[in-house]
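Position one of the sequence shown corresponds to residue 1 (the UniProt record's numbering), numbered consecutively onward. Note that the Cβ used here is the ideal one computed from N, Cα and C, for glycine as well. As the structure is a prediction and not an experimental result, all values here were calculated from the model. Below: one structure, written as structure tokens.
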Amino acid sequence: ILSIWGWGSLGIVLFLITFGPFVIFYLTFYILCFVGGGLVVTLLFGKTNSEKYLEQCEHSFLPPTSTGVPKCLEEMKREARTIKIDRRLTGANIIDEPLQQVIQFSLRDYVQYWYYTLSDDESFLLEIRQTLQNALIQFATRCWGYISK
1 ILSIWGWGSL GIVLFLITFG PFVIFYLTFY ILCFVGGGLV VTLLFGKTNS EKYLEQCEHS
61 FLPPTSTGVP KCLEEMKREA RTIKIDRRLT GANIIDEPLQ QVIQFSLRDY VQYWYYTLSD
121 DESFLLEIRQ TLQNALIQFA TRCWGYISK
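Below, the structure is given as structure tokens:
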């Protein structure tokens, strides 16, 4: 029992030292305001009236949606995308085909296995492929410029 009182008093002393001596009054005031406000809202409005009021408040801040946005979204979902991939990297077909295979295997082994657990959308994978291809094109261009000097 002595250790419970000792630890309790130590906790209270540290609380008062950390937050100041007036924290008890502020905390009591905040709790009374919260409980009193809840009681006032419940007594004045009642449950159903307060729910209706909150619903009106939520909708008053939102602008009405236009009919064009949902229509546009529907058309975008219906639209079938044709995927065009430029497979040229270095300009030499004997080099481009193995590099394309390396890109394909890298995407399959390192990206697709975790990405398909998140989404079925192919656009992310196409963006990664395009980024890798652009990096290889830049690498080939700079190497060719270095070799030709």
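Counting only runs that start and end inside the segment 34-116, the alpha helix (DSSP H) elements of at least 4 residues fall at 68-78 and 93-107. Contact between residue 125 and residue 107 is confirmed by a C-beta separation of about 6 Å, below the 8 Å threshold. Straight across, the Cα-Cα distance linking residue 121 with residue 112 is about 11 Å.
Residue state for residue 22 is assigned as coil, using DSSP reduced to three classes. Counting other Cβ atoms within 10 Å of its Cβ, residue 56 stays below 16 and is therefore classed as exposed. The Cβ atoms of residue 103 and residue 142 do not sit closer than 8 Å to each other. Exclusion of the five residues before and after residue 137 leaves 89 as the residues of its chain whose Cβ lies within less than 7 Å of its Cβ. When the beta-carbon positions are compared, residue 100 and residue 87 come within less than 8 Å of each other.
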